[in-house]
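**Student:** One structure is given below, represented as structure tokens, and several questions about it will come after.
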Amino acid sequence: MEILKTLIIGSGPAGYTAAIYAARADLHPVMYTGMEPGGQLTTTTEVDNFPGYPEGVDGPTMMVQFQKQAERFGTEVRMGFINKVELSNETGGIHKAFVEDGTELHARCIIISTGATAKYLGLPSEQRLRGGGVSACAVCDGFFYKGQEVAIVGGGDTAAEEATYLAKICSKVTMLVRKDHMRASKAMQHRVNNTENIDLKYNTEIDEVLGENVVEGLRMKNNQTTEAQEIKITGLFIAIGHKPNTDIFKGQLDMDDSGYLITKGKSTVTNIPGVFASGDVQDKEYRQAVTAAGTGCMAALDAERYLQNVKDLIKV
Ligand code: NDP
14 MEILKTLIIG SGPAGYTAAI YAARADLHPV MYTGMEPGGQ LTTTTEVDNF PGYPEGVDGP
74 TMMVQFQKQA ERFGTEVRMG FINKVELSNE TGGIHKAFVE DGTELHARCI IISTGATAKY
134 LGLPSEQRLR GGGVSACAVC DGFFYKGQEV AIVGGGDTAA EEATYLAKIC SKVTMLVRKD
194 HMRASKAMQH RVNNTENIDL KYNTEIDEVL GENVVEGLRM KNNQTTEAQE IKITGLFIAI
254 GHKPNTDIFK GQLDMDDSGY LITKGKSTVT NIPGVFASGD VQDKEYRQAV TAAGTGCMAA
314 LDAERYLQNV KDLIKV
């Protein structure tokens, strides 16, 4: 058993930014990286929209730089997956976290930055071409398809928003919705319907993404008539939702219907004193590296204030 002042769970932009701020404030952060060290950005190629990289940077390189910066101020980064927590309801209480190797950690304060995982269709051809034209983030990767024809799957607000975003960059966007209606809000549907270069196809599902190393097209079918069709595209965007990585917090932290952690007002404060949430695990709307980093900073500042307020109780 080990006693920590600050435990950070998750190693994406939110976790590392929290670590940089926490380490500089003498909160002695120890980070557990989770199953995918570096988070979702390690599965992308070029990141062109993070300020401070005028030439762009590839995702894995950027995450190594985040780690180095966090370590420079004394963050201890450990590979490992926390698979259980027992959170204390008391202000100044000790929270327990259990690592998959059996290590038991006791922490005064926990910053959760476990992120969210994009859902994919699960087709072998889709998985093979991830990073070769298949992407789950239009805002991140849309620019690479400037002037080209692309497709997007999904009928929710994300798909509708991303379709209109792509329509400004690409020559044509084919939007595939599996039902005969969209789940997106009426306002978003209206925007899609009023965008000339979006070709909306209802009752349509993908059978196969075509192309050997890069996306060249789609084979799809109408699920009512079974009529098959092929189109040529260079980019396929999957926008069928995300799953926040919050399973281990169920029953202890307040969540919305989709499992996103609920934070109070503009802060990163959860319903448990001394437990803070930052990044995509508490944000289903913006989901950008830079917004995640911003809330990571907020979580460290919230943690610092919390520890300051309960310092009489703290013996670590
Ligand atoms: P949603 O869960 O709302 O929508 C997912 C969409 O993907 C649905 O149309 C669903 O179809 C479709 N889908 C799911 N699985 C498959 C599949 N295997 N094949 C094809 N289609 C599939 O996710 P979103 O990411 O769109 O939104 C998440 C939440 O975030 C929502 O509450 C949304 O309102 C909110 N949001 C708000 C925004 C804003 O206010 N600006 C922007 C973005 C998101 P079906 O309907 O058939 O199940």
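Per this note's numbering, the sequence shown runs over residues 14 to 329. Just so you know, even glycine gets a beta-carbon here, dropped at the ideal spot from N, CA and C. Given the structure is predicted, the values throughout are model-derived calculations rather than measurements.
Can you have a look at residue 26 and say buried or exposed, based on whether 16 or more other CB atoms are within 10 angstroms of its CB?
**Tutor:** Classification of residue 26: buried, given that the 10 Å Cβ count is 16 or more.
**Student:** Straight-line CA distance for residue 329 to residue 320?
**Tutor:** Residue placement at residue 329 cannot be trusted, given a pLDDT of 48 that sits under 50; the coordinates are not used to answer.
**Student:** Can you round the beta-carbon distance between residue 166 and residue 107 to whole angstroms, since I take them to be within the 8 Å contact cut?
**Tutor:** With 8 Å as the limit, residue 166 and residue 107 do not qualify as a contact, their Cβ atoms being about 45 Å apart.
**Student:** Beta carbon of residue 246: closer than 8 Å to some heavy atom of the ligand NDP?
**Tutor:** False, no ligand heavy atom lies under 8 Å from that Cβ.
**Student:** Considering only the alpha carbon of each residue, which of 272, 269, 292, 270 lies closest to residue 5?
**Tutor:** This structure gives no information on residue 5, because the portion of the chain shown stretches from 14 to 329.
**Student:** Taking only three categories from DSSP, how would you classify residue 174?
**Tutor:** Helix, per DSSP.
**Student:** Could you check if residue 52 belongs to the surroundings of the ligand NDP, using beta carbon to heavy atom distance under 8 Å?
**Tutor:** Residue 52 Cβ: outside cutoff for every heavy atom of the ligand NDP.
**Student:** Between the beta-carbon of residue 78 and the beta-carbon of residue 33, is there less than 9 Å?
**Tutor:** Cβ atoms of residue 78 and residue 33: not closer than 9 Å.
**Student:** In terms of residue numbering, what span does the beta strand (DSSP E) encompassing residue 8 cover?
**Tutor:** No information on residue 8 is available, as it lies outside the stretch 14 to 329 that the chain covers here.
**Student:** Assign residue 258 to one of two classes, buried (16 or more other C-beta atoms within 10 Å of its C-beta) or exposed (fewer than that).
**Tutor:** Buried: at least 16 other Cβ atoms inside 10 Å.
**Student:** My parser needs the alpha helix (DSSP H) runs of 4 or more residues fully inside the segment 172-228; what are they?
**Tutor:** DSSP runs (the alpha helix (DSSP H)) wholly in the segment 172-228: 199-206.
**Student:** Could you please give me the residues that DSSP links to residue 242 through a beta bridge?
**Tutor:** Answer is 233, bridged to residue 242.
**Student:** Tell me where the beta strand (DSSP E) around residue 103 begins and ends.
**Tutor:** Taken as a continuous stretch (DSSP letters only), residue 103 belongs to no beta strand (DSSP E), as it is neither H nor E.
**Student:** Taking the straight line between their C-alpha atoms, what separation do you get for residue 65 and residue 303?
**Tutor:** Distance between the alpha carbons of residue 65 and residue 303: 11 Å.
**Student:** Report all residues from its chain with a CB closer than 8 Å to the CB of residue 205; omit the five preceding and five following residues, and keep chain order.
**Tutor:** Only 173, 176, 177, 188, 195, 197, 211, 213 meet the Cβ criterion.
**Student:** If I measure Cβ to Cβ from residue 161 and keep anything under 7 Å in the same chain, skipping five residues before and after, which residues do I get?
**Tutor:** Cβ within range, chain order: 183, 184, 247, 248.
**Student:** Beta carbon of residue 148: closer than 8 Å to some heavy atom of the ligand NDP?
**Tutor:** No - the ligand NDP has no heavy atom lying nearer than 8 Å to the Cβ of residue 148.
**Student:** Who does residue 248 pair with in a DSSP beta bridge?
**Tutor:** 163, per the DSSP bridge assignment.
**Student:** State the Cα-Cα distance for the pair residue 233 and residue 242, rounded to the nearest angstrom.
**Tutor:** Approximately 5 Å, taken between the alpha carbons.
**Student:** What residues match up with residue 274 in a beta bridge as DSSP calls it?
**Tutor:** Residue 274 pairs with 268.
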